[in-house]
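Undergrad: Questions regarding the structure given below will be posed in turn.
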Amino acid sequence: MFGRKSRSADPRPQSAVSHGVGVAGLIGLASWILIARQYGLDGPYSALTACFACGLPMVIWSLLKDKVHLRPSTGIDWQNPKSLKEIFDISLVKLTGLWATWGIIASIYAVGRWYWTGQYQFSMQMLEFAAPWLFVLSIPYVLFMDRYFIEPRDGAWHFGQFLTGRNNEFDREQIYHHLRAWAVKGFFLAFMISIVPGGFGDLVRLEINELAGNPVAIARWLIIAMFVVDVQFATVGYLLTMKSLDSHIRTANPYLAGWVAALMCYPPFILMGDNGPLNYHVNTADWSYWLGGQPTILAIWGGILVVLTAIYAWATVAFGLRFSNLTHRGILTHGPYSWTKHPAYVAKNAYWWLASMPFLVTSGSFTDFVRNTVLMALVSGVYYWRAKTEEKHLLGDPKYKDYAEWMDRNAPIPRLLNWIKRRIGWWTPDQGRTPDIQPAE
Numbered sequence: 010m011f012g013r014k015s016r017s018a019d020p021r022p023q024s025a026v027s028h029g030v031g032v033a034g035l036i037g038l039a040s041w042i043l044i045a046r047q048y049g050l051d052g053p054y055s056a057l058t059a060c061f062a063c064g065l066p067m068v069i070w071s072l073l074k075d076k077v078h079l080r081p082s083t084g085i086d087w088q089n090p091k092s093l094k095e096i097f098d099i100s101l102v103k104l105t106g107l108w109a110t111w112g113i114i115a116s117i118y119a120v121g122r123w124y125w126t127g128q129y130q131f132s133m134q135m136l137e138f139a140a141p142w143l144f145v146l147s148i149p150y151v152l153f154m155d156r157y158f159i160e161p162r163d164g165a166w167h168f169g170q171f172l173t174g175r176n177n178e179f180d181r182e183q184i185y186h187h188l189r190a191w192a193v194k195g196f197f198l199a200f201m202i203s204i205v206p207g208g209f210g211d212l213v214r215l216e217i218n219e220l221a222g223n224p225v226a227i228a229r230w231l232i233i234a235m236f237v238v239d240v241q242f243a244t245v246g247y248l249l250t251m252k253s254l255d256s257h258i259r260t261a262n263p264y265l266a267g268w269v270a271a272l273m274c275y276p277p278f279i280l281m282g283d284n285g286p287l288n289y290h291v292n293t294a295d296w297s298y299w300l301g302g303q304p305t306i307l308a309i310w311g312g313i314l315v316v317l318t319a320i321y322a323w324a325t326v327a328f329g330l331r332f333s334n335l336t337h338r339g340i341l342t343h344g345p346y347s348w349t350k351h352p353a354y355v356a357k358n359a360y361w362w363l364a365s366m367p368f369l370v371t372s373g374s375f376t377d378f379v380r381n382t383v384l385m386a387l388v389s390g391v392y393y394w395r396a397k398t399e400e401k402h403l404l405g406d407p408k409y410k411d412y413a414e415w416m417d418r419n420a421p422i423p424r425l426l427n428w429i430k431r432r433i434g435w436w437t438p439d440q441g442r443t444p445d446i447q448p449a450e
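See the structure below:
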């Protein structure tokens with residue numbers, strides 16, 4: 010079961026996203042960054058324009074090259090439109106459910122104090138500006154798309170049915186799915202918009218001449234660039250959850266453990282922040298401090314950190330238009346996802362260990378050393394937990410099960426982990442694969 014076969018005899022399952030989508034987005038993003046650097050456009054609106062420059066080429070590639078709008082998974086039949094009269098009542102109920110959902114999200118934004126302080130203020134400003142436009146444009150969009158949906162009665166329609174008092178004509182599971190999906194989008198989109206300006210502005214303002222002969226500065230510049238790529242692609246992913254692009258949310262994670270594991274990594278619930286219980290930075294210094302005065306080692310160490318950050322960014326680029334936490338929007342099998350099921354988590358945690366060095370402390374305190382190391386290990390444990398809950402969710406799709414089994418046979422990291430497990434007697438080939446949960450890397 011675990012022996013590796015030839016690629017022709019054991020082909021990798023097809024990915025929901027092509028390599029070309031990510032490449033197109035990178036070209037668009039890089040082009041705008043060059044323009045912004047040329048004209049000094051380092052502000053927050055320029056950063057949001059970069060999202061447009063990144064997303065538009067991906068949309069064009071997806072439609073013209075990959076033809077994602079024709080896939081059966083969209084639930085759209087472009088050849089047999091319904092009459093407007095046939096779907097008008099359905100669309101009105103759907104709009105009722107959709108607007109009510111937006112109203113709930115807006116109410117949460119209004120009540121949550123953290124949304125009106127610090128970097129979140131920019132998110133609220135942008136969402137306030139967009140709200141009336143979204144309200145108006147949602148009417149022709151829903152009326153148009155419902156004519157082509159094979160089944161226009163989606164979660165928004167079921168929620169609308171519930172709100173209009175038609176108690177016997179809605180599916181509670183559809184409503185739960187609808188609310189979970191919009192909870193993901195509402196929570197994470199506000200966060201992503203809030204962090205878009207920071208790294209982008211740093212990148213645009215960077216003075217290239219200051220990098221000459223400084224391996225630490227070069228590494229940090231490249232790391233900032235990789236994080237900008239990650240943030241831009243992720244923001245586009247949250248913005249473009251659309252069936253017409255086949256980038257819609259198939260399912261949002263239904264497991265409470267998955268939500269807890271994810272939310273504790275983001276504000277306002279973050280546990281790893283300065284005042285959080287998993288803060289592993291007490292009396293620490295970064296890698297350049299501990300390796301100072303050793304230019305060769307600094308260059309090698311910085312190069313490793315850049316590679317890890319590049320893998321992390323690549324894992325987001327591979328999603329194309331589909332990046333999103335806590336959701337299933339199509340199974341990825343290409344790029345870094347042919348090495349490990351969780352390339353971003355593996356790269357991110359390795360980066361944190363090497364960049365922060367929690368096992369070295371400026372205070373010289375043995376207690377600080379032990380505490381920081383244990384807390385960093387717990388942070389890595391949180392990401393292992395996230396990986397496990399994500400896999401449990403995705404296993405509801407047989408395509409993910411096929412992908413996971415192919416990874417066990419072919420991908421380097423799962424094969425290594427399975428070999429270790431067999432050596433220590435944790436997992437033997439005759440046990441097979443437990444159907445409801447997978448080992449996470």
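Remember, our numbering sits 9 above the position in the sequence shown when you count from 1. Just so you know, even glycine gets a beta-carbon here, dropped at the ideal spot from N, CA and C.
If you draw a straight line from the alpha carbon of Leu-212 to that of Ile-309, how long is it in whole angstroms?
TA: 23 Å
Undergrad: Could you please give the first and the last residue of the uninterrupted alpha helix (DSSP H) stretch that includes Val-316?
TA: Counting along the chain, the alpha helix (DSSP H) containing Val-316 begins and ends at 304-326.
Undergrad: In three-state DSSP terms, what is Ile-217?
TA: Ile-217 falls in the helix class under three-state DSSP.
Undergrad: What are the boundary residues of the alpha helix (DSSP H) that includes Lys-74?
TA: From DSSP, Lys-74 is part of no alpha helix (DSSP H); its letter is neither H nor E.
Undergrad: His-167: buried (16+ other C-beta within 10 angstroms of its C-beta) or exposed?
TA: The residue is buried, with at least 16 neighbouring Cβ atoms inside 10 Å.
Undergrad: If you draw a straight line from the C-alpha of Leu-146 to the C-alpha of Cys-60, how long is it?
TA: 20 Å
Undergrad: Can you give the Cα-Cα distance for Trp-394 and Trp-415, rounded to whole angstroms?
TA: 22 Å
Undergrad: Can you name, in chain order, every residue of its own chain whose Cβ lies under 6 Å from the Cβ of Trp-159, other than the five neighbours on each side?
TA: Looking at the sequence itself, residue 159 is Ile, so the reference to Trp does not match. Closer than 6 Å at the Cβ level, and outside the excluded window around Ile-159, lie Gly-84 and Asp-86.
Undergrad: Taking Gly-210 as the reference, give the member of Ala-25, Arg-46 and Phe-131 with the closest Cα.
TA: Check the Cα spacing between Gly-210 and each of Ala-25, Arg-46 and Phe-131: the tightest is with Arg-46.
Undergrad: Would you say Ser-372 and Asn-292 are within 8 Å of each other, going by their C-beta atoms?
TA: yes
Undergrad: Assign Thr-110 to one of three DSSP states: helix, strand, or coil.
TA: Looking at Thr-110 - three-state DSSP - the assignment turns out to be helix.
Undergrad: Of the residues Lys-401, Trp-428, His-186 and Leu-101, which one's Cα is nearest the Cα of Arg-156?
TA: Selected option, being the one with the closest Cα: Leu-101.
Undergrad: Have a look at the DSSP bridge pairing and note the partners of Ile-261.
TA: Looking at the sequence provided, one finds Ala at residue 261 rather than Ile. Note: Ala-261 is bridge-paired with Thr-336 in the DSSP secondary-structure output.
Undergrad: So, at 6 Å on beta carbons, what are the nonlocal neighbours of Ser-24 in its own chain, with the 5 sequence-adjacent residues on each side left out?
TA: Leu-341, Thr-342 and His-343
Undergrad: Using beta-carbon positions only, say whether Asn-262 and Thr-398 come within less than 8 Å of one another.
TA: It is a contact, given that the beta carbons lie within the stated cut-off.
Undergrad: Spatial neighbours of Val-388 within its chain, please: CB distance less than 6 Å, with the 5 preceding and 5 following residues excluded, ordered by chain position.
TA: Met-281 and Leu-287
Undergrad: For the structure I just gave you, are there three or more beta carbon pairs, one from the segment 23-40 and one from the segment 58-76, closer than 8 Å?
TA: yes
Undergrad: Where are the alpha helix (DSSP H) runs, 4 residues long or more, that stay fully inside the segment 181-232, in chain order?
TA: 181-214
Undergrad: What runs of the alpha helix (DSSP H), each 4 residues or longer, lie entirely inside the segment 25-55?
TA: 28-48
Undergrad: Find out if the Cβ-Cβ distance for the pair Phe-328, Tyr-275 is shorter than 8 Å.
TA: no
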